[in-house]
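Read the structure below first, then the notes.
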Amino acid sequence: MPTPGASPAAVEVPGVRFSIGTPGQKGTLKSLLGGPAGLRQASPYLSWHRTTPWKWPAGPAPRLGGHGLHALPLPRAPAPHSHWPGTAANGSSGGGACGREQHAEPAGLLPRSQTCRPVLGQKFPWQASIQWGGAHMCGGSLINDEWVVTAAHCFFQVQNLTQYRVVLGAHQLLKPGPNACACPVQRIITNPRYAGQTTSGDIALVQLGQRLNFTDYILPICLPDASVHFPPGKVCWVTGWGHVRSWVDLPSPQTLQKLQVPIIDSKKCRILYLTNMQNRLPHRNIQDDMICAGYAEGMRDACHGDSGGPMACIVGDVWVLAGIVSWGEGCAIKNRPGVYSRLTSYQSWIREYIPNLEFVKEPKGRESRAVADIKGQKHPGTGSPSQAASVIANTLLLLACLLYLI
């Protein structure tokens, strides 16, 4: 809960600031999600910030998409975990505390938007459900014992924090079980660059109203250092409780779903989004703080209700948050892969609010190989001393042969 005597919990949105309990500032679902009911039948070619059940005006729009807005019963608090190996006793994240699972994740594909594959057992313990009025609205990722990172568009017109809660440790939303807990929200901070609808800065921090005790079911994910590179083709996982295909709710009991996606080169992603463009729709620009993942042929993708959730990749031997589900054109459409907020672009901004949070760097061996490769490319004529000596010896031998022939 908020500290007694502290200033009222507040949401920080560019140009807007409301405190809990401010008279006359109660939010409504319509104002929160920003899409008027009259736009529900808009064109299927619209882009989505994967969260809202209403269509936005023509052009790129948030993939918000709550799925049916089912009420979720309030779970009781979990039994405390002494502390995860490498975790500080106070639950802070760092030094190996993050990016660990109770069990290893099995390989396999989730052909989402066709046939769903539920997550088996308690996997991805950093997965959060951000709820408004007791209903799932967005996903999120736990990054330490009191902060969750998600998408800014989930709160673009947010007003009253008392309507929010963050559920952690829930494998099934309708049957969260005794290991789940629901936390009040003390503070929401959206990135100042975010200006709505597929713009840069689609990232937000949510401060919980209470510190967590880590358990096997509630653990943080690591964040990548700005130097970490996620190359095209690297396979990552997207998880969430969103639609299984456009406008098809995740069936009861709403079990957490997973999807394996490869990273797509940003230049290729820009080209894909220019393919079969509709003249009446504005150009979708893939910014530097965005990262694409998915399949050019479509068929598998994140969808409405997955907004703000994690795209997690393995770096070294830990899970790292590479991206946040942000936007896309429809769900699983050909030449329209998912677009995610790139976490490496926001290390400095996150540290402004969580200064002690550690960021994972590339393993040293991988860094050394990368540096060697780069040096080799930049200086193709250089070599080791032994190589230089060999060249000199061969040259002298050639000269000796020429002199002998003369």
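Read left to right, the sequence shown gives residues 2 to 407 (the numbering used here). Note that beta-carbon positions come from the ideal geometry of N, C-alpha and C, so glycine has one too.
Please classify Gly234: is it buried, with 16 or more other beta-carbons within 10 angstroms of its beta-carbon, or exposed? exposed
Among Pro311, Val340 and Thr345, nearest to Pro221 - alpha-carbon criterion: Pro311
Mind checking which residues open and close the beta strand (DSSP E) that includes Leu206? Ala205 to Leu209
His154, DSSP secondary structure in three states: helix
Determine which residues share a DSSP beta bridge with Phe360 and list them. Leu224
Boundaries of the alpha helix (DSSP H) in which Lys268 is found, first to last residue: Ser267 to Leu275
Are the stretch 290–304 and the stretch 328–341 touching, with three or more C-beta to C-beta distances below 8 Å? yes
Backbone CA spacing between Phe215 and Thr276 [nearest angstrom]: 46 Å
With a threshold of 16 other CB atoms inside 10 Å of the CB of Val236, please say whether the residue is buried or exposed. exposed
Cut-off 7 Å between Cβ atoms - residues of its own chain near Cys99, not counting five sequence neighbours on either side: Pro221, Ile222, Cys223 and Val319
Consult DSSP for Glu102 and reduce its assignment to one of helix, strand or coil. coil
Candidates Asn145, Met300 and Pro177, of which the one nearest Arg101 by Cα: Asn145
Trp350, DSSP secondary structure in three states: helix
Please state the DSSP three-state secondary structure of Lys365. helix
Quick one, which of Asn161, Met138, Thr163 and Leu162 has its alpha-carbon nearest Thr151's? Met138
Does the Cβ of Thr199 have 16 or more other Cβ atoms within 10 Å, making it buried, or fewer, making it exposed? buried
Sorted by chain position, which residues of the same chain lie with C-beta nearer than 8 Å to Trp248's C-beta, five sequence neighbours on each side aside? His305
Report the partner residues of Gln173 according to the DSSP bridge assignment. Thr256
Which of helix, strand or coil does DSSP assign to Thr240? strand
How many whole angstroms separate the CB atoms of Gly241 and Ala303, which I take to be in contact at a CB cut-off of 8 Å? 7 Å
For Ile272, is the classification buried or exposed, using 16 other Cβ atoms within 10 angstroms of its Cβ as the cut-off for buried? exposed
Start and end residues, beta strand (DSSP E) containing Glu298: No beta strand (DSSP E) contains Glu298, which DSSP labels as neither H nor E.
Should Ile204 go down as buried or exposed, given a rule of 16 or more other Cβ atoms within 10 Å for buried? buried
Classify Leu143 as helix, strand or coil using the three-state DSSP reduction. strand
Roughly how many angstroms separate the alpha carbons of Ala196 and Ile287, rounded to a whole number? 15 Å
Contacts around Ile334, its chain only, beta-carbon distance under 7 Å, and the 5 residues preceding and following it disregarded: Gly299
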